[in-house]
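**Student:**
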Amino acid sequence: MEKVRWGILSTANIAQKSLIPAFERANNAVVTGIASTSGKAEEVAAQFNIAKSYSSYEAMLQDPEIDAVYIPLPNHLHKKWTLEAAEHGKHILCEKPASLTAQETQEMVEFCKQKNVKFMEAFMYQFHPQHERVREIIKSGEIGEVKYMRASFSFFLAQPEGNVRMDSSKGGGSLYDVGCYAIHAIRNIIESEPVEVHVQANMDSDYKVDTSAFGYMQMENGVRAHFDCSFDMVFRAEYEVIGTEGQIKVPRAFRPDNVGGEGLIIVQKEAETREEKIVVDIYRAEVEHLSQVILEDGEPSYTGENAIQNMRVVEACYQSIKTGNSIKFV
Numbered sequence: 001m002e003k004v005r006w007g008i009l010s011t012a013n014i015a016q017k018s019l020i021p022a023f024e025r026a027n028n029a030v031v032t033g034i035a036s037t038s039g040k041a042e043e044v045a046a047q048f049n050i051a052k053s054y055s056s057y058e059a060m061l062q063d064p065e066i067d068a069v070y071i072p073l074p075n076h077l078h079k080k081w082t083l084e085a086a087e088h089g090k091h092i093l094c095e096k097p098a099s100l101t102a103q104e105t106q107e108m109v110e111f112c113k114q115k116n117v118k119f120m121e122a123f124m125y126q127f128h129p130q131h132e133r134v135r136e137i138i139k140s141g142e143i144g145e146v147k148y149m150r151a152s153f154s155f156f157l158a159q160p161e162g163n164v165r166m167d168s169s170k171g172g173g174s175l176y177d178v179g180c181y182a183i184h185a186i187r188n189i190i191e192s193e194p195v196e197v198h199v200q201a202n203m204d205s206d207y208k209v210d211t212s213a214f215g216y217m218q219m220e221n222g223v224r225a226h227f228d229c230s231f232d233m234v235f236r237a238e239y240e241v242i243g244t245e246g247q248i249k250v251p252r253a254f255r256p257d258n259v260g261g262e263g264l265i266i267v268q269k270e271a272e273t274r275e276e277k278i279v280v281d282i283y284r285a286e287v288e289h290l291s292q293v294i295l296e297d298g299e300p301s302y303t304g305e306n307a308i309q310n311m312r313v314v315e316a317c318y319q320s321i322k323t324g325n326s327i328k329f330v
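Position one of the sequence shown corresponds to residue 1 (UniProt numbering), numbered consecutively onward.
1. Where does the unbroken alpha helix (DSSP H) through residue 32 begin, and where does it stop?
2. State the start and end residues of the unbroken alpha helix (DSSP H) segment that holds residue 83.
3. Would you check if the distance between the CB atom of residue 146 and the CB atom of residue 241 is smaller than 9 Å?
4. Name the DSSP bridge partner or partners of residue 230?
5. Short of 6 Å in beta carbon distance, which residues of its chain neighbour residue 165, apart from the five on each side in sequence? Order them along the chain.
6. Is the segment 182-198 close to the segment 215-224, with three or more CB pairs under 8 Å?
7. What span of residues does the beta strand (DSSP E) with residue 201 cover, start to end?
8. Considering only the beta carbon of each residue, do residue 66 and residue 95 sit closer than 9 Å?
9. Do you know offhand how far residue 163's Cα is from residue 271's?
10. Compare the C-alpha of residue 86 against each of 100, 102, 57 and 74 and name the closest.
11. Where does the unbroken beta strand (DSSP E) through residue 69 begin, and where does it stop?
12. Since residue 60 is in the alpha helix (DSSP H), which residue starts that stretch and which ends it?
13. Looking only at C-alpha atoms, which of 153, 202 and 97 sits nearest to residue 312?
14. Buried or exposed for residue 124, please, with buried defined as at least 16 other CB atoms from any protein chain shown within 10 angstroms of its CB.
15. What separation, rounded to the nearest whole angstrom, lies between the Cα atoms of residue 106 and residue 302?
16. Give the list of continuous alpha helix (DSSP H) stretches no shorter than 4 residues that lie fully inside the segment 104-149.
17. Would you call residue 46 buried or exposed, if buried means 16 or more other Cβ atoms sit within 10 Å of its Cβ?
18. Where DSSP assigns a beta bridge to residue 95, which residues make up the other side?
19. Would residue 64 be called buried (16 or more neighbouring beta carbons within 10 Å of its own) or exposed?
20. On a CA-only basis, which of 48, 180 and 12 is nearest residue 102? Give me that one, please.
21. Compare the beta carbon distance of residue 152 and residue 174 with 9 Å and say whether it is the shorter of the two.
22. In the DSSP assignment, what are the bridge partners of residue 264?
23. Just reading off the beta strand (DSSP E) that residue 44 is part of, what are its end residues?
24. Find out if the Cβ-Cβ distance for the pair residue 189, residue 215 is shorter than 9 Å.
25. Would you give the residue range spanned by the alpha helix (DSSP H) that residue 54 belongs to?
26. My output table needs one value for residue 235: the three-state DSSP class, helix, strand or coil.
27. Taking a contact to mean a Cβ-Cβ separation below 9 Å, would you say residue 11 touches residue 59 in this structure?
28. If contacts are defined as beta-carbon pairs under 8 Å, then residue 22 and residue 287 qualify, I think. What distance do you get, rounded to the angstrom?
29. Between the C-alpha atoms of residue 331 and residue 116, what's the straight-line distance to the nearest angstrom?
30. Go ahead and label residue 25 buried or exposed: buried means 16 or more other beta carbons lie within 10 angstroms of its beta carbon, across all protein chains shown.
31. Rounded to whole angstroms, how far is the Cβ of residue 68 from the Cβ of residue 54, which I believe are closer than 8 Å?
32. Judging by CA-CA distance, which residue of 257, 206, 294 and 245 is the nearest neighbour of residue 282?
33. Roughly how many whole angstroms lie between the Cα atoms of residue 250 and residue 277?
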């Protein structure tokens, strides 16, 4: 089977723990090279039996034997290296958030189109079929008319010192790191866009980043939603959708890989509770999806336009935090 030859831009933890193993399990992808500016590329290449290592990102991008790159760099570097990769004709899987602003993301998406390369933001959770199943249940009318949705993603960051998530100059903060998932889920499960957001946050006085954020979203279709995200609370990665006749709970929404890929959907009505379990390797699914898109010259199911819109909402949330006001979308 033909395989896309991938390069990894950085030896970041997420690359080593999640993505490189996923590439190894994928049927249509192979990691051909890894690059690092910290001198770790050769060591990691040996560890994972990767054929090539590079001491600079530029060297990898200039290699004609690399078809596509995965970018797990700090948030503030996503735009620069997406544009550089596209300039060299490489397809791109870029970690979330795609960038720091909607304008930056739009420039990235448009430049990739100009260069005829595929671009996808790496929201891996969406490739678990439990979310499509939730949309099916909603559309079936089983829980009646949807009125409300809540999404939460939090974990306790025990050692903030030196952690890029706490570096305001590099796109740190809970909203950028995990809040973007909750916003993404609300938009894509409800299949509607917000017309108004209002967000409050706990700001760390030393690091100048939001360590928790609590948001309200009024959706265009009338659904009301709340989200919360945090570095200060116990691990939670869940959402629930509440209708006039029942509710759906997804307690493993964003990290089902923590329990071996098992997604869990709980449907509750007045006299009935039903559980549905689906097991999927989400990182492998993400890698195989974009690799197949590249091989077939198709388009990712998660579009660049969707990524731009998610960043518009994240930006509005930060504007609300800064001003203390509700932000309305015109």
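Ideal Cβ placement from N, Cα and C applies to all residues, glycine included.
**Tutor:** Once the coordinates are examined:
1. In the sequence shown, counting from the first residue as 1, residue 32 sits at position 32. Not the alpha helix (DSSP H): residue 32 falls in the beta strand (DSSP E), residues 29-35.
2. Looking up residue 83 in the sequence shown gives position 83. Its alpha helix (DSSP H) spans residues 78-87.
3. Here residue 146 corresponds to residue number 146 of the sequence shown, with the count starting at 1. Here residue 241 corresponds to residue number 241 of the sequence shown, with the count starting at 1. Yes, the pair counts as a contact, with Cβ atoms nearer than the cut-off.
4. For this step, residue 230 is matched to residue 230 along the sequence shown. According to DSSP, residue 230 bridges with 154 and 212.
5. Translated into positions along the sequence shown, residue 165 becomes position 165. So the list reads 172 and 177, once near-sequence residues are dropped.
6. yes
7. For the purposes of this step, residue 201 is taken as residue 201 along the sequence shown, with counting starting at 1. First-last of the beta strand (DSSP E) with residue 201: 194-203.
8. The sequence position of residue 66 within the sequence shown is 66, counting from 1. The sequence position of residue 95 within the sequence shown is 95, counting from 1. No, these two residues do not count as a Cβ contact at 9 Å.
9. As a position in the sequence shown, residue 163 is number 163, starting the count at 1. As a position in the sequence shown, residue 271 is number 271, starting the count at 1. Spanning the two alpha carbons is a distance of roughly 47 Å.
10. Sequence index remark: in the sequence shown, residue 86 carries index 86 (1-based). Nearest option by C-alpha distance: 57.
11. Here residue 69 refers to the residue found at position 69 when the sequence shown is read from its first residue. Note, residue 69: beta strand (DSSP E), 68-71.
12. For the purposes of this step, residue 60 is taken as residue 60 along the sequence shown, with counting starting at 1. Looking at the DSSP string, the run of the alpha helix (DSSP H) that includes residue 60 is 57-61.
13. Looking up residue 312 in the sequence shown gives position 312. Looking at the Cα atoms, 97 is the closest of the given residues.
14. Locating residue 124 in the sequence shown gives position 124, counting from the first residue. By the neighbour-count rule (16 or more Cβ atoms within 10 Å), residue 124 is buried.
15. Taking the sequence shown and counting its residues from 1, the one referred to as residue 106 is at position 106. Taking the sequence shown and counting its residues from 1, the one referred to as residue 302 is at position 302. Spanning the two alpha carbons is a distance of roughly 14 Å.
16. 130-140
17. Taking the first residue of the sequence shown as 1, we reach residue 46 at position 46. So residue 46 ends up on the exposed side.
18. Here residue 95 is taken as the residue at index 95 of the sequence shown, counted from 1. Bridge partners of residue 95: 122.
19. Indexing the sequence shown from 1 puts residue 64 at position 64. Counting Cβ neighbours within 10 Å, residue 64 comes out exposed, since fewer than 16 surround it.
20. Numbered from its first residue, the sequence shown carries residue 102 at position 102. Of the listed residues, the one whose Cα sits closest to residue 102 is 180.
21. Residue numbering aside, residue 152 sits at position 152 when the sequence shown is read from its first letter. Residue numbering aside, residue 174 sits at position 174 when the sequence shown is read from its first letter. Contact flag unset, no.
22. Residue 264 sits at position 264 when you count from the first residue of the sequence shown. DSSP output for residue 264 lists 277 as bridge partner(s).
23. The residue you call residue 44 lines up with position 44 of the sequence shown. Premise fails: residue 44 lies in the alpha helix (DSSP H), 41-48, not in any beta strand (DSSP E).
24. In the sequence shown, residue 189 corresponds to position 189, counting from 1. In the sequence shown, residue 215 corresponds to position 215, counting from 1. Taking 9 Å as the Cβ cut-off, residue 189 and residue 215 do not qualify as a contacting pair.
25. The residue given as residue 54 occupies position 54 in the sequence shown. Note, residue 54: premise wrong, no alpha helix (DSSP H); beta strand (DSSP E) at 52-54.
26. In the sequence shown, the residue the question calls residue 235 occupies position 235. The answer is strand: DSSP assigns residue 235 an E or B state.
27. As a working note, residue 11 is residue 11 in the sequence shown. As a working note, residue 59 is residue 59 in the sequence shown. Not closer than 9 Å, so no.
28. Working through the sequence shown from its first residue, we reach residue 22 at position 22. Working through the sequence shown from its first residue, we reach residue 287 at position 287. About 5 Å; that satisfies the 8 Å criterion.
29. Any answer about residue 331 is impossible in this case: the structure gives the chain only from 1 up to 330.
30. Within the sequence shown, residue 25 is the residue found at index 25, counting from 1. Residue 25 comes out exposed.
31. Here residue 68 corresponds to residue number 68 of the sequence shown, with the count starting at 1. Here residue 54 corresponds to residue number 54 of the sequence shown, with the count starting at 1. Rounded, the Cβ-Cβ distance is 15 Å, inconsistent with contact.
32. One-based indexing of the sequence shown puts residue 282 at position 282. Here the closest residue by C-alpha is 257.
33. On the sequence shown, position 250 is the one that residue 250 refers to. On the sequence shown, position 277 is the one that residue 277 refers to. Approximately 10 Å, taken between the alpha carbons.
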